[in-house]
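Line order of the protein sequences matches chains A and B.
With the working numbering as the guide, the letters of the first sequence map in order to residues 24 to 363.
With the working numbering as the guide, the letters of the second sequence map in order to residues 672 to 1207.
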Amino acid sequence: MPTLAMRPETRIHPLAWWMWAIALTFAASATTSTWLLGIISAGAIAVALRFRSDGPWRHSINYAIYLAFTLLLIRLTLAMLFGAKIPGHVLFTLPSVRLPEWLSGIALGGEVTSEKLLTILREGFKLATLVIIFGAASSLTRPKELLKSLPRALHEAGVIVVVSTTFLPQIISSIKRIRTAQRLRGSRANRGLSLTRVLIPVIEDALTKSLDLAAAMESRGYGRTHHRARHRLSASLLIFGLLGLVAGIYLLLVPNSLVNVPWLILTLAAAVCVLGLWLSGRNLRLTVYRPINWNLEAIALPLLGASVAAMAGIHFQSLTSLAFASALLCAPFLYLGRQA
Amino acid sequence: MISLSNATLRYEGAPVFADVNFEILAGEFVLLMGATGSGKSSLLRVMNGLTPHLTGGELTGDVQVNNRSIRNVRPRELAESIGYIGQDPLAGFVSDRVEDELAFTMESLGLSAEVMRKRVEETLDLLGLNSVRHRSMATLSAGEQQRVAIGAALTAHPKILLLDEPTSALDPTAADEVLALLQRLVHDVGMTIIIAEHRLERVVQYVDRIIHVHGDGRVSISDPTTALQASALVPPLIELARLESWEPLPLTIRDARRLAEALRERLSSAPAPRTNQDSDIPREIFAQCEKVSVAYGKHQALRDISLNFTRGSISAVMGRNGAGKSTLLATFVGLNSPEKGSLTLGGHSPSELSSQSLSRLVGFVPQEPGDLLFCESVSAECAANDKDRGLIAGTTMNVLNAITPDVDHSMHPRDLSEGQRLAVALAVVAAAEPPLLLLDEPTRGLDYLAKARLGSILRKLAHQGRAIVLATHDVELVAEIADRVIVLAEGDLVADGSTVDVLTSSPAFAPQVQKILAPSPFMTVQDVINANLGQN
């Protein structure tokens, strides 16, 4: 796989992967069926393992799986200790604390029923699926590539993010290096003191490094072709556009105001934003090296995701009457349409 | 290409350089030399306007690049006429992959996608980087990183390249590769190159002219022979030529060998040079390891290493970048616990000791001596060290004064020169009198005088009965002071023997004097002086 994954021309556009992931997220949040959630996460994991990129981010899926399991465990433990009682078959009883009258809704310890565990597990499974989908998407794409496909106006901000992602590991390694050096100096001072001992050389080191970086970027032409006056114009357009968006959303959420035209304001504000972005993009004479194109696979991916989401949505509607079925003590079952 | 007229730069107070006038012509390969802290980097950066645009300072007079004054344009506007490569290539990288890094400059210049692709391919071929084009920067060797940094500047098709100490972090072989590449750029591509470097022995044979930054504000430019005749900082080759009063001054080993005919003749009958070994110290083994292996994940950093270090000896650990030198040192200070094998320091295993008692047995001076220092002034640093280690107040200061008396105690450690900072770090470590003293790449950024001073300090410390171990690429320093050389390759011990035996048996590791005088086992100018004395 690596040779295919490396050629940008044949790689799938990172936005396509993210759109696919967002569609899967919709699907996962639309269903409570353990079966469907299981299928979705298994699919996401399989796709991630097969097609993941070759950067350091490729391991995100592994971490996401660990994280998902940890979250499930934490939820289970917390639910056993606190939380509402669900009657049913008692598995075991924890020592309980009697809480004052006004806290009667909450139990500390007490009986743990298998119904309760099952409910928690089924709810937790949804969260776990979301975490896994997110992990899959980040191991399928490289953050750098995602930034490359941003509008040109955001390029500089994108470079800053990329630089900081490469800078951070350097800072971490310099912290490690300096800490060991200090330890070998035999510092026996208390913790607070030793913090400044590490911090001062680390900050000095980081400052030197960032000055070096600034020199390197400057001499390589970064930040060139800025047109001051136009820059100011595009910046003010963007600010007004964003303010307009905020106002529009506010009107949408709080409708009984004096001017009740939220959609009009939103549309106008969005147009101003786009204009600002376009202007500031024209301001930069930037090009992108080996851009990733939208190929057939890239177009198919979000559609595939959307169809999964649609099916899950239909399935969810057929299930609303059985919303409490998840609390029943039985193996999870898969409803296939209304006839089930 | 570049012309300075009455250029004067000052930050505060005295000028870094004053009234500098010179012109560099197209296709020249120019070396910029001077003592550490003399203002070499400032002069180099003035040539593309990084100083004063980025670093501040006040520049009077004028600097012109391709007839454009740097006073009016920022360095980024000059990117396609002049490329700059800083000291630490890793710190200057903006992306994580070789190919993207090469393209970054062109993206900023707004070149079309086709042009970019073509230039990236050309540059990959020119620098021999095609096999690593998809790799991430962190996984490259130091030599490859340096070549990527050069390539990243080249893709903009500049006419001039400025390089700040491009070989200081490289092993001899990788350094030769980088210099050969620069040589090719000058000869085949017609580039103008200006390079600042301390290790003159690596570069003088390639360059057309030398700019000498004297450190007192004066800057002179002349052909290499004239510059070296007048300089106090010279490589061993020139030192030998001066001693033997060879005319004309040879700049290459080849020229020197022709002139050395008579000297070789004379030395063939001389007794073998004394070794660096100190004979009055009992050879007591202080530290040893037995079949030690260390792994980082899947990477086997050290494999079955058996070694011992005796008191009073100076051992040099050499080998390629990434051969396991630093790992070996780290293992002896207890930072890595070996997965196999045993390690003892004065009869103790480092893993059983507290960091307090460990620091009394072994001292470690890291590659960046500044890592150890955190106080506002040298005297505060010394006082803090006394307190930390429970030493009598003033101990560290006394050690520092014995090492080098010329450090201003009220200065901030950051503001000291590289050599002085190293001396302070060494004093901080040596104050607890650890019998084993380890130094990682101590000569990076040091000029010849500072290196000679470090050499005599280390000899003095060894004479007091310490076992000293240095990991280094600097063959000349090793020839001067070490009595034993250990060579590592891919985590294996490939050679362990006396300095003469190991250094004379390999062309890559042979010091200059040895290359001139082979097959006689003379390695340093001092050896030749001693032999001359013996014969008279």
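Heads up, the beta-carbon is just placed ideally off N, CA and C, and yes, glycines get one too.
Using a C-beta cut-off of 8 Å, the stretch 812 to 826 of chain B makes no contact with the stretch 682 to 702 of chain B, since fewer than three inter-stretch Cβ pairs fall below that distance. DSSP links residue 978 of chain B through a beta bridge to B/960. Here DSSP, grouped into helix, strand and coil, assigns residue 77 of chain A to coil. For residue 1091 of chain B, no Cβ of chain A is located within less than 9 Å of the residue's own Cβ. The Cβ atoms of residue 927 of chain B and residue 919 of chain B lie no closer than 9 Å to each other. The Cβ-Cβ distance between residue 1163 of chain B and residue 985 of chain B does not fall below 9 Å. Of all alpha-carbon atoms in B/1098, B/1103, B/1093, the one lying nearest the alpha-carbon of residue 1122 of chain B is that of B/1093. Taking the beta carbon of residue 246 of chain A as reference, the chain B residues within 7 Å of it are 747, listed in sequence order. For a Cβ distance threshold of 7 Å, nothing in chain B lies close to residue 89 of chain A: the least Cβ distance comes to about 18 Å. At a cut-off of 9 Å between beta carbons, residue 242 of chain A contacts chain B.
The C-beta of residue 300 of chain A comes no closer than 9 Å to any C-beta of chain B. Under DSSP, residue 1155 of chain B shares a beta bridge with B/986, B/1169. When the alpha-carbon of residue 42 of chain A is set against those of A/338, A/337, A/329, the nearest one is in A/329. In this structure, the beta-carbon distance from residue 707 of chain B to residue 1116 of chain B falls below 9 Å. Looking at the DSSP output, residue 681 of chain B sits in a beta bridge with B/729.
In the structure shown, the three-state DSSP call for residue 1015 of chain B is strand. Between residue 1170 of chain B and residue 1155 of chain B, the beta carbon gap of about 6 Å places them in contact (Cβ cut-off 8 Å). Per DSSP, the continuous beta strand (DSSP E) segment holding residue 755 of chain B begins and ends at 753 to 756. The beta carbon of residue 991 of chain B sits closer than 6 Å to those of 842, all from its chain and outside the five residues before and after it, given in chain order. When the Cα atoms are used, residue 830 of chain B and residue 861 of chain B turn out to be separated by approximately 8 Å. Note: residue 134 of chain A is bridge-paired with A/116 in the DSSP secondary-structure output.
Contact annotation: residue 711 of chain B and residue 867 of chain B have beta-carbon atoms nearer than 9 Å. Under the three-pair Cβ rule at 8 Å, the stretch 292 to 304 of chain A counts as touching the stretch 167 to 177 of chain A.
As summarised for the stretch 166 to 216 of chain A, the continuous alpha helix (DSSP H) elements at least 4 residues long and confined to that stretch are 166 to 171, 178 to 207, given in chain order. Beta-bridge annotation (DSSP): residue 1062 of chain B is not paired with any residue. Contact holds between the stretch 144 to 153 of chain A and the stretch 89 to 101 of chain A, because three or more Cβ pairs, one in each stretch, are under 8 Å apart. Taking each of B/1110, B/1151, B/719, B/1108 in turn and checking the Cα distance to residue 1119 of chain B, the smallest one comes out for B/1151. Residue 728 of chain B and residue 978 of chain B have their C-alpha atoms some 52 Å from each other.
Contacts between residue 755 of chain B and chain A, judged by CB atoms closer than 9 Å, involve 238, 239, 241, 242, 243 in chain order. At the C-beta level, residue 50 of chain A and residue 229 of chain A stay beyond 9 Å of one another. In the DSSP assignment, residue 863 of chain B forms a beta bridge with B/831. Proximity to residue 772 of chain B across A/240, A/73, A/207 peaks at A/240, based on C-alpha coordinates. Straight across, the Cα-Cα distance linking residue 905 of chain B with residue 1130 of chain B is about 22 Å. Membership of residue 883 of chain B in the beta strand (DSSP E) is indicated by the continuous run 880 to 884.
Residues of the stretch 155 to 168 of chain A whose Cβ lies closer than 7 Å to any Cβ of chain B, in chain order: 167. Looking at the DSSP output, residue 704 of chain B bridges to B/883.
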